[in-house]
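**Q** One structure, as structure tokens, below. Some questions next.
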């Protein structure tokens, strides 16, 4: 009798395992990437005296964004590996801000593929990604200026023989003076802390 | 004799319970390739509402992402269905998706979308063929879905 009860409980346990929903079973590993380099947190990026062009063909200098938080990400449009995820992560950070904060926060998505990512190409990219938003700028510049900016951000990148790029996966938040205040390295990272930093910055304006 | 009777009653009861609480079918879609060869196998899968699809990543870095405004893409799943996005998946990862509604669900892989890495779920038999706007998708995606639909 005892055996029967045990058998019944065992079978009931098996039959009750039917509650399935969207469920991930994966380890938390990352695509191989160039590790981000060191930075000088007290060195404002606004010292960089370079001209950039966005996907609306408007030119600007980084200092034009003084007095507002800026999110910076470096990517390239032809990437078929991690850049789409990196851009989505940037959008996740921006989306974590409420509407009022979004209106005060600039996003610079800067391409290191200066050969292919012209303003026209970047415009198509922004439109397809539904990120042709007023505060979003998909950016190109002369290669030397892109390299200098990458160095200041600690973003490493290197063109490979097939025309693609190995690069760091890094999202950076600049404070209102252009200093690096938060770096989020890797893909699919939590964005709450970076969003709180931006919120705190805007409150203190 | 009495014990046999009890055994029969318990088994009868278990069988009736299992009929009510039977788990849904679980179907598998393999996620293959690393670049130009990135693909879902099969590209089109037919399920019944309540079924679960388990995506198993064999190689590469991929996502399973619904064509839905929440993912900054045009709507290509039933209006009543919720958007879905697996997040980044690597080789060896598995991700399960419960399909509850009837209809046609189009989805893509975020890194390889431009290379045509997309798939379609057809849920149920009573669904209405959707009138999705094709011009909003990359040509490679349309090619993948059209070719698979022809061979389906």
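Residue numbers (the numbering used here), protein chains in the order written: chain A, 21 to 225; chain B, 3 to 154.
For every residue, glycine included, the Cβ atom is placed at its ideal position computed from N, Cα and C.
(1) Name the DSSP bridge partner or partners of residue 107/B?
(2) Decide if residue 67/A is buried, meaning its Cβ has at least 16 other Cβ atoms within 10 Å, or exposed.
(3) Quick check: the region 124-136 of chain A against the region 54-70 of chain A, are at least 3 beta-carbon pairs closer than 8 Å?
(4) Pick from 42/B, 67/B, 38/B: whose alpha carbon is nearest that of residue 14/A?
(5) Quick check: the region 44-57 of chain B against the region 89-103 of chain B, are there 3 or more CB pairs under 8 Å?
(6) Out of curiosity, what's the CA-to-CA distance linking residue 144/B and residue 136/B?
(7) Name the residues in the region 107-137 of chain A whose C-beta lies less than 8 Å from a C-beta of chain B; which are they?
(8) Return yes when at least one heavy atom of the ligand MN lies under 7 Å from the C-beta of residue 109/B, else no.
(9) Just to confirm, is the Cβ distance from residue 74/B to residue 150/A under 8 Å?
(10) At 9 Å on the CB atoms, spell out the chain B contacts of residue 105/A, in chain order.
(11) Quick one, are the C-beta atoms of residue 129/B and residue 105/B less than 8 Å apart?
(12) What does the Cβ neighbour count give for residue 131/B, buried or exposed, with the cut at 16 atoms within 10 Å?
(13) For residue 175/A, does the count of other Cβ atoms within 10 angstroms reach 16, so buried, or fall short, so exposed?
(14) In the region 176-209 of chain A, which residues sit with their C-beta less than 7 Å from some C-beta in chain B, listed in chain order?
(15) Helix, strand or coil: how does DSSP classify residue 54/B here?
(16) Could you tell me whether the region 85-92 of chain B touches the region 55-74 of chain B, using the rule of 3 or more Cβ pairs below 8 Å?
(17) Looking at the structure shown, is residue 74/A part of a helix, part of a strand, or coil, going by DSSP?
(18) Could you list which residues in chain A have their beta carbon closer than 7 Å to that of residue 117/B, in chain order?
(19) Assuming residue 148/A is part of the alpha helix (DSSP H), what are its boundary residues?
(20) Taking the alpha helix (DSSP H) that residue 141/B falls in, what are its first and last residues?
(21) Give the residues of chain B in contact with residue 149/A, contact being defined as C-beta atoms less than 8 Å apart.
(22) Can you check DSSP and say which residues form a bridge with residue 43/B?
(23) Rounded to the nearest angstrom, what separates residue 5/A and residue 195/A at their Cα positions?
(24) Quick one: what does DSSP say residue 222/A is sitting in, helix, strand or coil?
(25) Output the distance between the C-alpha atoms of residue 179/A and residue 96/A, rounded to the nearest integer angstrom.
(26) Helix, strand or coil: how does DSSP classify residue 132/A here?
**A** Taking the definition as stated:
(1) 123/B
(2) Exposed is the call here.
(3) Contact between the region 54-70 of chain A and the region 124-136 of chain A is absent: fewer than three C-beta pairs spanning the two stretches fall below 8 Å.
(4) Limits of chain A in this structure are 21 at one end and 225 at the other, which puts residue 14/A out of reach.
(5) yes
(6) 7 Å
(7) 108, 111
(8) Questions concerning the ligand MN fall outside what the structure shown contains, since it holds no ligand whatsoever.
(9) yes
(10) Under the 9 Å cutoff, chain B gives 63, 65, 89, 90, 112, 113.
(11) yes
(12) Burial call: exposed.
(13) Buried is the call here.
(14) 207, 208
(15) It is a strand residue.
(16) yes
(17) strand
(18) Those within 7 Å of residue 117/B in chain A are 100.
(19) 139-148
(20) 141-153
(21) 74
(22) 32/B
(23) Summary: the structure shown does not reach residue 5/A, with chain A confined to residues 21 through 225, and so no result is reported for it.
(24) Of the three classes helix, strand and coil, the one that applies to residue 222/A here is helix, per DSSP.
(25) 11 Å
(26) coil
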